[in-house]
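Notes for the one structure printed next.
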DNA sequence: GATGGGGGTGAACACGTGTGCGCTACCCGG
DNA sequence: CCGGGTAGCGCACACGTGTTCACCCCCATC
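Chains as they are written, first to last, in the numbering used here: chain A, 1477 to 1826; chain B, 1477 to 1826.
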């Protein structure tokens, strides 16, 4: 395991000092074209790759950013990762990835490790902790972009989807279809995102004087939890209304897919017996049977934009403290078979 | 944006030199308990976090590993990422993630950047380049673990699934069902993985004297490409046999899901008109309608094991060069509705 | 009291890179 | 021939940490 070649090795080979090599490689400072060309060819011949660790130490810029997600399994996050990674790499940055399975403490620990790595900035997606630790994040002294969390502080910025409006659109659609007994299949503890969707569900029902008491929460965002939790949900509905719900609004598509599967086991068909709506519009939704009504979030774009925002914060002058930015997206309702009664119209596929 | 606190700051505050602080923090070297305790409390009070960049420069160990995947969109890779990340983080390492959309040159460039970052080791999943650049990887002078690629060289190890055996199992199942005109829906250029699955398809047919000429390849692993490519596949089958295929063996589940959707648009129902089998067993497969026959790869476990192998290589003595390891997995065939004729038996769900 | 030994600590250097500043030539004008 | 300007380059230091070695001091022992 031999040592990598450094600029000192090149310097020795070229008969110059290592600062000269450094300047030659970075095309900086004044020097004869002959020397520069010679150094460059020698560097290439020796297979030199700059040591970014050492460079980062002296320049205080590592050209790396950290990304924290709560659950890689959810394709929603995959797309965010993809967007962030693409932008970041296109700009010559590297990406640290960490997944914290919905544990706020883990989340904070991971952020700390990123700070120790001297990353230039951090993106946090669907944080559980963002709300509680916002002020602490602000004190980290480095730019942070949150995806789908609330932002406050000079260093903390945000890119987020208007979940409240989106959930309202879903609920209006369900109510327009004539459903009255609408249950909610939620997720985990109270994150900001969960709060908005649930709130929209509750208020939409209350405004029309309908019952908003039938809800359960899955511990994790997986299809399997949708399957098991929908059974409890139907039980509750039967206890409250004497019948299954007419429609179920699910926190996201994974739970919705599981719910449909679970309902089928109970002998309930979607949408004939129960309508089901999801959230996110995963790629598979249009290809399910029945195809799934859901609200499309531009998740790849959100990842891209979050990264873009972070990089622009890094590039600009440190002194020129910008005001915290907050970009807001609005998703599009995708109406498909799962909420369309007995004779579904042709679904929008793709 | 104030400077972070370093061991020198602690040293000044404690009235000692920075080497003493270093030793105190690392619990190393002999020193009075009083001094050590004092330093530790001061460090905690000042909110010290070690600068891993500087530490990495001197120790030549960054406690970070790089992970290269070809396509984050595919849940198959999500699970691998999840496995690698979990193990790596549990051992105090950080993870660099890069996605190279099936471009071998990008792949190599990314590996180079990892080397520049001085990562301790690299995991490469489903490499397109692994076969071509194996010897170059070996010369990098750092341990590399490939997932589902061929390994050769002293530094290059592998964890892989026996795709050939798996594909044979799928084909045997299809042939047992009585299908004779079986088409193949492939993916992209010739990777090792693709070669094995296609080879199994071809040989299984040839052994029984059946026609193995109807195949197309999707450019990318997405549902949408499955939809469009299956149309071409049916066209070819009609040209060759005068009828659609009786069954389609798809390179993976995403393409299979798309294929089923595309067939439906053509007025062909699965499995009544055409049987479809996939590969990987994504979580959603059991919940499709029809549920999808496929071969389950232990992808999370493979990610875990790859990371574990890499870390064990890092921990052991450098001199004691181990022989290159190669671990082999065998997936399990999941027989479900999509290949089960008109009256499907109860699918194994979950 | 001299000597030895060992525990505790700091000075110096290293890791690989970037940068401010000063030094040496050389060229050219006066 | 002298002086000033400038092009080309090296010295020294910095970044934050780890490590080797030598040093000092205190105590025990002969």
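Cβ atoms here follow ideal geometry from the backbone N, Cα and C, with glycine treated the same way.
Considering only residues of the same chain and omitting the five flanking positions on each side of residue i, which have a CB-CB separation below 6 Å?
i	result
residue 1787 of chain B	1567
residue 1512 of chain B	1500
residue 1489 of chain B	1518
residue 1613 of chain B	1620, 1632
residue 1790 of chain A	1596, 1597
residue 1814 of chain A	1746, 1747, 1752, 1766, 1768, 1769
residue 1736 of chain B	1746, 1752
Kindly list the residues whose CB is nearer than 8 Å to the CB of residue i, restricted to its own chain and excluding five residues on each side of it in sequence; keep chain order.
i	result
residue 1662 of chain A	1670, 1673, 1674, 1691, 1692, 1693, 1694, 1727
residue 1595 of chain A	1538, 1540, 1541, 1542, 1572, 1618
residue 1480 of chain B	1525, 1527
residue 1522 of chain B	1481, 1485, 1486, 1489
residue 1776 of chain B	1555, 1556, 1558, 1559
residue 1610 of chain A	1626, 1627, 1628, 1629, 1632
Can you round the beta-carbon distance between residue i and residue j to whole angstroms, since I take them to be within the 8 Å contact cut?
i	j	result
residue 1657 of chain B	residue 1722 of chain B	5 Å
residue 1601 of chain A	residue 1623 of chain A	4 Å
residue 1592 of chain B	residue 1525 of chain A	5 Å
residue 1533 of chain A	residue 1533 of chain B	6 Å
residue 1628 of chain A	residue 1603 of chain A	Contact flag wrong, Cβ pair sits at about 13 Å.
residue 1699 of chain A	residue 1734 of chain A	4 Å
residue 1565 of chain B	residue 1804 of chain B	26 Å between Cβ atoms; not a contact.
residue 1575 of chain B	residue 1759 of chain A	About 16 Å separates the two Cβ atoms, so there is no contact after all.
residue 1689 of chain A	residue 1730 of chain A	With a Cβ gap of about 24 Å, residue 1689 of chain A and residue 1730 of chain A do not count as contacting.
residue 1738 of chain B	residue 1707 of chain B	6 Å
residue 1553 of chain A	residue 1544 of chain A	Contact doesn't hold; Cβ gap of about 10 Å is too wide.
If we cut at 8 Å on Cβ distances, does residue i have a partner in chain A?
i	result
residue 1527 of chain B	yes
residue 1628 of chain B	no
residue 1588 of chain B	yes
residue 1649 of chain B	no
residue 1594 of chain B	yes
residue 1779 of chain B	no
residue 1813 of chain B	no
residue 1502 of chain B	no
residue 1734 of chain B	yes
residue 1572 of chain B	yes
residue 1696 of chain B	no
residue 1681 of chain B	no
residue 1557 of chain B	yes
residue 1549 of chain B	yes
Examine chain B for any beta-carbon lying closer than 8 Å to the beta-carbon of residue i, and answer yes or no.
i	result
residue 1565 of chain A	yes
residue 1760 of chain A	yes
residue 1493 of chain A	no
residue 1482 of chain A	no
residue 1753 of chain A	no
residue 1561 of chain A	yes
residue 1538 of chain A	yes
residue 1591 of chain A	yes
residue 1600 of chain A	no
residue 1764 of chain A	yes
residue 1520 of chain A	no
residue 1699 of chain A	yes
residue 1671 of chain A	no
residue 1489 of chain A	no
Kindly list the residues whose CB is nearer than 7 Å to the CB of residue i, restricted to its own chain and excluding five residues on each side of it in sequence; keep chain order.
i	result
residue 1905 of chain B	This structure cannot settle anything about residue 1905 of chain B, because the visible part of chain B is limited to 1477 through 1826.
residue 1676 of chain B	1640, 1643, 1644, 1647
residue 1590 of chain B	1542, 1572, 1598
residue 1655 of chain B	1722, 1723, 1751
residue 1514 of chain B	1490
residue 1494 of chain A	1483, 1484, 1487
residue 1638 of chain A	1804, 1805, 1806
residue 1659 of chain A	1690, 1691, 1709, 1713, 1721, 1724
Kindly provide the ranges of any beta strand (DSSP E) runs that are 3 or more residues long and lie completely inside the region 1482–1569 of chain A, ordered along the chain. 1540–1545
Any contact between the region 1493–1513 of chain A and the region 1549–1566 of chain A? By contact I mean 3 or more CB pairs, one from each, below 8 Å. no
If we require 3 or more residues per run, which beta strand (DSSP E) segments fall completely within the region 1571–1627 of chain B? 1597–1601, 1620–1623
Unbroken beta strand (DSSP E) runs of length 3 or more, entirely within the region 1660–1694 of chain B: which are they? 1691–1694
Output the residue ranges of the alpha helix (DSSP H) runs that lie fully inside the region 1714–1761 of chain B and measure 4 residues or longer, sorted by chain position. 1729–1741
Determine, using beta-carbon pairs with one atom in the region 1760–1780 of chain A and one in the region 1639–1653 of chain A, whether at least three such pairs fall under 8 Å. yes
Using 8 Å as the threshold, is the region 1750–1760 of chain B in touch with the region 1777–1791 of chain B, meaning 3 or more CB pairs across them? no
Could you tell me which uninterrupted alpha helix (DSSP H) segments, each at least 4 residues in length, are contained entirely in the region 1765–1819 of chain A, listed from first to last along the chain? 1775–1791
Length at least 4, wholly inside the region 1633–1662 of chain B: the alpha helix (DSSP H) runs in chain order: If we require 4 residues or more, the alpha helix (DSSP H) runs fully inside the region 1633–1662 of chain B come out as 1639–1652.
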